[in-house]
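Q: Heads up: the sequence lines are chains C and Z, in that order.
Counting with the numbering used here, you get residues 213 to 639 for the letters of the first sequence.
Counting with the numbering used here, you get residues 12 to 383 for the letters of the second sequence.
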Amino acid sequence: MKPAEIDARLSALSEAGETLRRRPAHETLSVLAQVMDGWSDARSPWRRDLAEQLPPATGFSRETVEAGLERALDGWTGAALLGRVEREIGSPERLDTPGEQMIAGFETTAVLLAGSIPMPSLLEIIAPLVLRSPVLAKAAARDPVTPRLVADSIAHFDAGLGACVDVVDFPGDDAACMQAFLSAECISATGSDETIASVRARVAPPRRLLVAGHRRSVAALGPEAVAGDARVRACEAVAVDVALWDQQGCLSPVALYVVSPDGDAAAVVAATLAEALDATESSWPRGSIDPAAAAAVSRERAEAEMRAAAGRSVRVFASEGTAWTVILEDDTSPRPAPLHRFVRVVPVAEEAALRSALAPHRRHLAAVAIDGFGAESAALARALADLGVSRICPVGSLQSPPLDWPHEGRDLIHPLARGALLERPRG
Amino acid sequence: MSDARERLDAEILAWIAEDEWPAGDAARDDARFDALARRLFAWQFEHCAPYGRFCRGRGVAPERLRSWREIPPVPTGAFKEIDLRCFPEDATVQTFLTSGTAAGARGALHLDTLALYHASVVPSFRRHVLPELSPGERARLWILAPSPEEAPDSSLSHMFGVLLGELATPDSGFGVIDGELAVDATLERLVSCEDDGAPLALCGTSFAFVHLLDALVARERSIELPPGSRVMETGGFKGRSREIPAHLLYAEIEQRLGVPESHILNQYGMTELGSQFHDSVLRFPGEPRRKLGPPWARAMVIDPETGAEAKRGEVGPIAIFDLVNTGSVLAVQTADLGRAVEDGFEVLGREPGAEERGCAIAADELLGSEAP
């Protein structure tokens with residue numbers, strides 16, 4: 213792909229946007245609601261195609277993709293979308309009619325996608341369209357499938373709206389193509405810190421730039437969830453959170469904090485979680501991974517084995533091969549997260565220690581799944597929100613975020629809009 | 012030092028002192044390596060308690076070992092947290108530290124003797140970097156790294172110090188002073204080489220070369236080092252300069268310093284190891300570039316799923332088995348990915364733990380500190 217082709221695609225989108233903006237905003241919204249209903253229906257052709265095409269493109273197992281989509285898209289209906297639009301911008305008439313608080317979409321929005329999880333791609337493409345801003349999406353290297361299927365689904369319901377979505381594919385290090393891509397009026401970018409820094413350096417005001425950096429999530433079990441049946445249930449739920457999408461999403465927990473004054477509680481939880489992950493492997497097999505990822509898993513296991521051999525209270529629970537790993541740690545030292553179903557179980561004596569352990573990560577924490585904190589749950593949730601955590605949920609539901617979740621701690625649609633204030637003549 | 016250890020050290024030193032470096036796998040003395048490696052493993056199994064427990068945990072013990080290939084390698088990260096030495100702490104004569112990381116911890120290699128370390132450095136360097144040097148002959152070296160006096164904890168500086176003492180002419184020296192590239196002094200030395208026509212071996216860290224090249228660009232200068240000159244870069248960038256792929260670095264070196272790619276090589280070594288591996292280009296000109304080591308060290312590419320040796324050509328983490336590491340552990344698993352080729356291996360880069368896969372980042376520092 214050449215920069216000139218990207219320029220041409222942006223021009224075509226701009227023209228399609230002009231046509232679209234002649235139609236009432238509620239009409240566009242209605243089509244997008246139909247699109248969302250289509251995606252929430254497991255029998256829709258796009259869902260079926262995604263379940264077919266995503267595993268070979270990403271390495272995920274078919275079982276994991278199907279289970280992940282089912283849990284993630286269950287509540288992502290047209291009604292849920294309309295509810296979010298209403299909450300964020302109020303009436304869509306603000307896009308059409310003169311009024312005190314008017315809004316408008318940008319001429320074009322470039323959406324830089326990242327990762328291999330389909331749901332963020334779906335939302336990030338749809339959000340600018342709510343504002344009738346045409347979208348040029350750059351597919352993530354690891355998921356060339358989702359954005360094209362989303363574009364197809366939109367075109368299926370409305371050809372005019374479908375003309376307002378295009379997908380390009382070029383290497384991320386192609387500076388000339390990236391410059392052309394980032395010439396859109398509004399840019400929504402997801403990626404690593406390096407990617408975001410690179411985009412920031414190329415996008416100057418007045419163009420709008422919205423970024424989403426990398427995030428991580430964790431789980432925490434309180435005193436009421438570390439013994440008996442409650443422990444087993446909680447660990448099974450955490451195993452679901454870890455296994456879905458093979459821990460590749462920002463909602464995948466990379467650590468499980470065990471909050472208990474009982475010094476042995478974390479060890480028992482780690483063993484129970486290992487059993488749960490082992491059982492999960494038979495229903496949702498971990499996908500294929502490249503040698504680099506497997507090497508990272510094996511290295512972290514070996515380092516933990518060495519710490520155990522040096523007399524530390526560290527234990528390694530692991531599958532044959534690299535399918536899953538649970539490391540029982542004995543401190544909160546910084547350690548890599550190799551992902552691919554690799555969890556560290558970290559003991560902390562009390563809730564205050566949990567907050568202290570999480571505080572250094574405040575900039576990168578997306579969600580915290582909790583269980584077993586009883587009456588302290590509300591206070592803990594408040595403290596986590598103050599840390600910057602944008603989602604606090606029960607264990608086992610991390611991979612089922614409601615459509616209303618303020619990813620990045622902010623609105624989804626409103627930041628993509630331009631506002632205009634109409635002042636009446638005074639007197 | 013015990014008699015058993017002294018005998019081992021003496022036998023390894025004797026091997027290093029031999030000037031026989033057969034080329035190719037078939038000719039290498041694998042039986043000799045295997046015998047020494049297994050004896051050394053048994054010694055370390057017994058005298059380095061954490062390592063012994065680590066091996067037992069994996070079901071490996073000296074009496075059950077069938078080959079050096081079964082010796083469990085210790086990941087380099089363990090050197091940051093665990094004291095891996097086979098001798099009393101008060102017998103330590105030198106500790107080398109790895110470069111700092113985002114997490115702040117530095118790996119440590121403790122030594123109770125420098126004899127093996129010194130003995131192995133010179134022949135390995137001479138074979139791969141100065142293969143045409145006659146016995147007793149010296150070469151002109153300019154080192155883009157701090158001196159051992161300036162960086163006493165650095166194994167790299169120590170190595171260069173040994174090389175200068177053993178192999179270098181009096182007009183050799185260090186081009187990094189007070190932690191900074193001494194641009195004027197280095198350019199002065201390069202120009203004098205250009206003028207007198209005698210070749211130079213310019214060696215140093217990868218990032219120091221980048222700084223030198225940037226300085227040449229800033230001054231709109233190019234040097235044409237005399238024919239026979241060579242460049243050896245090592246150590247990577249460590250975030251201390253812009254990072255560029257090796258082939259581009261070599262192209263810039265050729266353009267700005269006049270040293271052709273055929274005379275530019277990478278040294279692959281690390282603090283945790285006593286021996287080094289080098290690109291083959293000067294030792295075997297015209298052959299495909301690959302990493303070669305001395306007879307007393309072996310590289311093995313591991314299948315990360317099984318922990319066993321990977322099939323030839325498959326990609327996996329590189330483990331080094333180094334008989335020079337008598338006082339610590341001889342088997343070290345690096346954080347680099349590689350592939351076995353012919354009689355050597357290729358390094359394909361650091362385990363890209365930071366490869367972006369979902370909207371999470373692998374190998375991100377997880378607990379207790381901000382990601383870098």
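Ideal Cβ positions, reconstructed from N, Cα and C, are used throughout, including at glycine.
Fair warning: this is a prediction, and the values are worked out from it, not measured in the lab.
What residues from the stretch 80–104 of chain Z come within 7 Å of chain C, judged by C-beta to C-beta, listed N to C?
A: Val85, Pro86, Gly88, Ala89, Glu92 and Ile93
Q: Could you spell out where the beta strand (DSSP E) holding Trp153 of chain Z opens and where it closes?
A: Here the beta strand (DSSP E) through Trp153 of chain Z covers Leu152 to Leu155.
Q: Given Gly360 of chain Z, which residues of its chain have a CB within under 8 Å of its CB, disregarding the five upstream and five downstream residues?
A: Asp347 and Leu348
Q: One question on the structure: do Val471 of chain C and Ala432 of chain C come within less than 9 Å of each other, judged by their Cβ atoms?
A: yes
Q: Just to confirm my understanding: we take Glu517 of chain C, look at its own chain, exclude 5 residues before and 5 after, and list those with CB closer than 7 Å. What are they?
A: Val528
Q: What are the uninterrupted segments assigned as beta strand (DSSP E) that are 3 or more residues long and contained completely in the stretch 465–508 of chain C, given in chain order?
A: 465–471
Q: Pick out whichever of Z:Met12, Z:Ala89, Z:Ser165 and Z:Ser78 has its Cα sitting closest to the Cα of Val340 of chain Z.
A: Z:Ala89
Q: Does any C-beta atom of chain Z lie closer than 9 Å to the C-beta of Gly523 of chain C?
A: yes
Q: Are the CB atoms of Leu198 of chain Z and Leu152 of chain Z within a distance shorter than 9 Å?
A: no
Q: Measure how close the beta-carbons of Ala156 of chain Z and Phe185 of chain Z come, nearest whole angstrom, since I'm counting them as under 8 Å.
A: 7 Å
Q: Does Arg574 of chain C come out as helix, strand or coil in the three-state DSSP assignment?
A: It is coil, neither helix nor strand.
Q: Interface residues of chain Z around Val357 of chain C at Cβ under 7 Å?
A: Chain Z residues near Val357 of chain C: none, gap ~15 Å exceeds 7 Å.
Q: Got a sec, what are the start and stop residues for the beta strand (DSSP E) Gln266 of chain Z sits in?
A: Careful: Gln266 of chain Z lies outside any beta strand (DSSP E), inside the alpha helix (DSSP H) at Ala257 to Leu268.
Q: Restricting to runs no shorter than 4 residues, where is the alpha helix (DSSP H) found entirely within the stretch 94–164 of chain Z?
A: 126–140
Q: Using a Cβ-Cβ distance under 9 Å, would Glu227 of chain C count as near chain Z?
A: no
Q: Straight-line CA distance for Thr337 of chain Z to Arg49 of chain Z?
A: 12 Å
Q: Can you give me the C-alpha to C-alpha distance between Arg583 of chain C and Val557 of chain C, rounded to a whole angstrom?
A: The residue you asked about is not Arg; residue 583 of chain C is Asp in the sequence shown. Looking at the two C-alpha atoms, the distance is approximately 15 Å.
Q: Among the residues of its own chain, which have a CB less than 6 Å from the CB of Leu47 of chain Z, if the five just before and after it don't count?
A: Here the set comprises Leu334.
Q: Looking at C-beta atoms only, is the number of pairs between the stretch 485–496 of chain C and the stretch 611–621 of chain C that lie closer than 8 Å three or more?
A: no
Q: Output needed in chain order: residues of the stretch 45–71 of chain Z with a Cβ under 9 Å from some Cβ in chain C.
A: Ala60, Pro61, Tyr62, Gly63, Arg64, Phe65, Cys66, Arg67, Gly68 and Arg69
Q: So with CB distances below 8 Å, who are the chain C contacts of Leu348 of chain Z?
A: Pro503, Ala504 and Ala507
Q: Hey, which unbroken runs of the beta strand (DSSP E) at 3 residues or more fall wholly within the stretch 553–614 of chain C?
A: 554–560, 577–583 and 603–606
Q: Against chain C, does Thr180 of chain Z count as a neighbour if the rule is that its beta carbon must be under 9 Å from one of theirs?
A: no
Q: Could you spell out the range, first to last residue, of the alpha helix (DSSP H) harbouring Cys462 of chain C?
A: Note, Cys462 of chain C: premise wrong, no alpha helix (DSSP H); not H, not E.
Q: Val358 of chain Z CB to nearest chain C CB: under 9 Å?
A: Taking 9 Å as the CB threshold, Val358 of chain Z stays off the interface with chain C.
Q: In angstroms, rounded to a whole number, what distance separates the CA positions of Ile338 of chain C and Trp251 of chain C?
A: 12 Å
Q: Going along chain C in order, which residues have a C-beta closer than 8 Å to the C-beta of Gly184 of chain Z?
A: Here the premise fails: no neighbours, minimum Cβ distance about 37 Å.
Q: Counting along the chain, where does the beta strand (DSSP E) carrying Leu361 of chain C start and finish?
A: That residue, Leu361 of chain C, is in no beta strand (DSSP E); its alpha helix (DSSP H) goes Thr358 to Phe369.
Q: Out of Z:Asp164, Z:Arg138 and Z:Ser135, point me to the one whose CA is closest to His121 of chain Z's CA.
A: For the set Z:Asp164, Z:Arg138 and Z:Ser135, the Cα lying nearest the Cα of His121 of chain Z is the one of Z:Asp164.
Q: Please confirm whether Ala478 of chain C has its beta-carbon closer than 9 Å to some beta-carbon of chain Z.
A: no
Q: Helix, strand or coil: which one does DSSP assign to Phe529 of chain C?
A: strand
Q: Taking only the alpha-carbon atoms, compute the straight-line gap between Ile315 of chain C and Leu634 of chain C and give it to the nearest angstrom.
A: Their Cα atoms are separated by approximately 11 Å.
Q: With DSSP run on the structure shown, which of helix, strand or coil describes Leu394 of chain C?
A: DSSP, reduced to helix, strand and coil, places Leu394 of chain C outside both helices and strands of the structure shown, so it counts as coil.
Q: In angstroms with no decimal places, state the Cα-to-Cα distance between Asp5 of chain Z and Arg428 of chain C.
A: In the structure as shown, chain Z starts at 12 and stops at 383, and residue 5 of chain Z therefore has no counterpart that could be examined.
Q: So, under 8 Å CB-CB, Pro268 of chain C and Gln391 of chain C are touching, yes? Tell me the CB distance rounded to an integer number of Å.
A: With 8 Å as the limit, Pro268 of chain C and Gln391 of chain C do not qualify as a contact, their Cβ atoms being about 32 Å apart.
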